[in-house]
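Take a look at the structure set out below.
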Amino acid sequence: SADVYRCASTGLEYSGAVCNGQCGAQECAWVRSEARAWHDDDGSTLVRFSATAAGTYQLTIMVAGYPTLSAVPLVVAPAAVDVTAVEMLSASSSVQAGSQGAFSLAVQDSFG
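In case it helps, the numbering used here puts the sequence shown at residues 13 to 124.
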């Protein structure tokens with residue numbers, strides 16, 4: 013699938029690599045994924061897509077505006093943690109040697 017990104021300073025949309033080159037990675041925000049299909053001359057079709065939000069979805073395949081099968085559940089797991097977006101929420105201000113301290117972090121994947 014092709015991911016589409018929008019440059020914050022210009023509002024123009026690009027693929028990821030082009031957006032990074034034109035605007036810099038900090039200016040590029042993900043907008044959407046566009047599914048692409050590949051046809052093999054044997055009657056089969058391979059469709060690829062990019063999911064950007066973890067959760068459970070209902071996948072429906074439509075041809076000419078009509079569903080071809082009953083919806084099937086699709087579970088999307090979170091992506092790897094984006095270490096550049098980790099935030100410290102709280103931490104022990106002092107800890108005695110030999111005892112335990114505590115801290116709390118907010119983590120997210122690269123899609124938020």
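Note that beta-carbon positions come from the ideal geometry of N, C-alpha and C, so glycine has one too.
- prompt: Just checking, does the stretch 87 to 106 make contact with the stretch 115 to 124 on the three C-beta pairs under 8 angstroms criterion?
  reply: yes
task: Just the C-alpha distance for residue 32 and residue 58, rounded to the nearest angstrom, thanks.
output: One-based indexing of the sequence shown puts residue 32 at position 20. One-based indexing of the sequence shown puts residue 58 at position 46. Their backbone Cα atoms lie some 29 angstroms apart in a straight line.
query: Could you check where the beta strand (DSSP E) with residue 115 kicks off and where it finishes?
result: Start at 1 with the first residue of the sequence shown, and residue 115 comes out as number 103. Per DSSP, residue 115 belongs to the beta strand (DSSP E) from 115 to 118.
query: Three-state secondary structure (DSSP) at residue 98?
result: By 1-based counting over the sequence shown, the position of residue 98 is 86. Of the three classes helix, strand and coil, the one that applies to residue 98 here is coil, per DSSP.
- request: Check whether the stretch 81 to 89 touches the stretch 101 to 120, taking contact to mean three or more Cβ pairs, one atom from each stretch, closer than 8 angstroms.
  value: no
field: Bridge partner(s) assigned by DSSP for residue 121
entry: Taking the sequence shown and counting its residues from 1, the one referred to as residue 121 is at position 109. Paired residues: 93.
message: Judging by CA-CA distance, which residue of 99, 110, 124, 107 is the nearest neighbour of residue 116?
response: Start at 1 with the first residue of the sequence shown, and residue 116 comes out as number 104. The candidate whose alpha carbon is nearest that of residue 116 is 99.
Residue interval of the beta strand (DSSP E) (run including residue 54): Start at 1 with the first residue of the sequence shown, and residue 54 comes out as number 42. It is not in any beta strand (DSSP E) - residue 54 carries neither H nor E in the DSSP assignment.
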